[in-house]
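First the structure, in the form of structure tokens, and then the observations on it.
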Amino acid sequence: MELKNLRTFQTVVDQGSYQRAAERLGYTQSTITVQIQQLEEELGVPLFERMGRRMVLTEAGEQALCQARDLLLAADRLLELGRRDREPSGTLRVDMAETLLCYQMQPVIRAFRERAPQVRLVLRSRNCVRIAENVRTGACDLGVGYDMDWNRDALEVESLGAYDIVLLAPPDFSAPDFVTPGQRKEASLVTDEPDSIFRRRLEAYLRDREIELDVTLELWSIETIKRCVMSNLGFTYLPRFVAREELADGRLVELKAPISGVPAPALCAWRRGRWVTPAMELFLNLLREHLPASDCSADTYSCTSL
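Structure, rendered in structure tokens:
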């Protein structure tokens, strides 16, 4: 069995199509097709099936992918034996929560590029549910996000600290009371996708308090959400560090409520039992060195539960 065919298979899955895999590997699309056909013939099972215009993994393909990733990691580890005194190399794929990627990771990324210039660093913004799944299946090497009941049986998980999540609104927000139960508020929640830990936490709080909102504006960009709130289109619920400058200069204010200021643990995860490559180890060490251990304020509105 050719390792190159396994790498092609892995790349097709990671890139999402034969064409993008060909561009990534420097092959023609016909070469990708031939290599996948060769692998299917060797295994005796189809790896992909067509669903409309998309190619999706078969059940056998899902099983083969996990084993192919393990084989390729073992091959990379074997090759690393002769590179112990050299700089880290290869590819490092890290999936991250958007807030951490955009507002906290610059020192980590800068230091990694300086110390591992030979590594191709692939950073992707993902929600925390998807991050844990991608780590488990091997679609990424490391996952950095917030704790959403990540499965410790399948993942090695390390705490990176905790960050206050706060209610943010424009200074002239007309409906600041999020304490009194049983309200119907003429206010819009500006938030991101349904699987967001912040959205889930806030919506659970509002249900418990029987607080109903006028409308929910669903946007999939944290910076866009913040700008809409500053334009007086509603309020949001995000880590305080996302709006540090806007809070300091008065463009946004933090609303007082039991839900505001409750910390969310940030975590880094990798698949249990897998080899930690030199590039992974370096990135982990830089996370420990550069990422703030906490962004919690002692002056936040006190609370004991949601």
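Just so we're aligned, residue 85 is where the sequence shown starts under the numbering used here, counting upward by one. Quick reminder that beta carbons are idealized off the backbone N, C-alpha and C, glycines included.
Continuous alpha helix (DSSP H) stretch holding residue i: start and end
| i | result |
| --- | --- |
| K269 | First-last for K269: R268 to T275, but that is the beta strand (DSSP E), not the alpha helix (DSSP H). |
| P362 | P362 to H374 |
| L131 | That residue, L131, is in no alpha helix (DSSP H); it is neither H nor E in DSSP. |
| R104 | Y102 to L109 |
| R405 | This structure gives no information on residue 405, because the portion of the chain shown stretches from 85 to 390. |
| A195 | Q190 to R199 |
Inter-residue spacing [alpha-carbon to alpha-carbon] between residue i and residue j
| i | j | result |
| --- | --- | --- |
| V97 | Y289 | 38 angstroms |
| S389 | P342 | Its pLDDT being 31, under 50, S389 is placed unreliably by the model, and the measurement read from it follows with that caveat. Going by the C-alpha atoms only, they are around 8 angstroms apart. |
| C150 | C186 | 30 angstroms |
| T275 | E242 | 28 angstroms |
| A382 | G229 | Below a pLDDT of 50, predicted positions are generally treated as unreliable, and A382, at 42, falls in that range; the measurement from the model is reported next regardless. The straight-line gap from Cα to Cα measures roughly 23 angstroms. |
| P130 | Q94 | 15 angstroms |
| A280 | L322 | Residue 280 is actually Ser in this sequence, not Ala. Spanning the two alpha carbons is a distance of roughly 10 angstroms. |
| R335 | D298 | 23 angstroms |
| L303 | I193 | 26 angstroms |
Local conformation of residue i per DSSP, three classes
| i | result |
| --- | --- |
| D225 | coil |
| L290 | helix |
| L90 | helix |
| T384 | A caution first: T384 carries a pLDDT of 39, below 50, which makes its placement in the model too unreliable to give a value. |
| V263 | coil |
| L317 | coil |
| D179 | strand |
| E242 | strand |
| A159 | helix |
| S389 | Low per-residue confidence applies at S389: pLDDT is 31, beneath 50, and the placement is therefore not dependable, though the value from the model is reported in the following sentence. Reduced to three states, the DSSP call for S389 is coil. |
Bounding residues of the beta strand (DSSP E) (the contiguous stretch that carries residue i)
| i | result |
| --- | --- |
| V203 | V203 to S209 |
| L339 | Counting along the chain, L339 falls outside any beta strand (DSSP E), and DSSP gives it neither H nor E. |
| V299 | E296 to E302 |
Cross-strand partners of residue i (DSSP beta bridge)
| i | result |
| --- | --- |
| M85 | None; M85 has no bridge partner. |
| C352 | V228 and E242 |
Assumed close pair residue i, residue j - CB separation to whole angstroms, cut-off 8 angstroms
| i | j | result |
| --- | --- | --- |
| W359 | L226 | With 8 angstroms as the limit, W359 and L226 do not qualify as a contact, their Cβ atoms being about 13 angstroms apart. |
| F367 | L176 | 6 angstroms |
| P172 | V203 | 5 angstroms |
| L273 | T300 | 5 angstroms |
| L252 | F325 | That belief does not hold up - the Cβ atoms of L252 and F325 are roughly 12 angstroms apart, past 8 angstroms. |
| Q99 | R91 | That belief does not hold up - the Cβ atoms of Q99 and R91 are roughly 12 angstroms apart, past 8 angstroms. |
Neighbour flag for residue i against chain C, beta carbons, 8 angstroms
| i | result |
| --- | --- |
| R204 | Among the protein chains of the structure shown there is no chain C, as only one such chain exists. |
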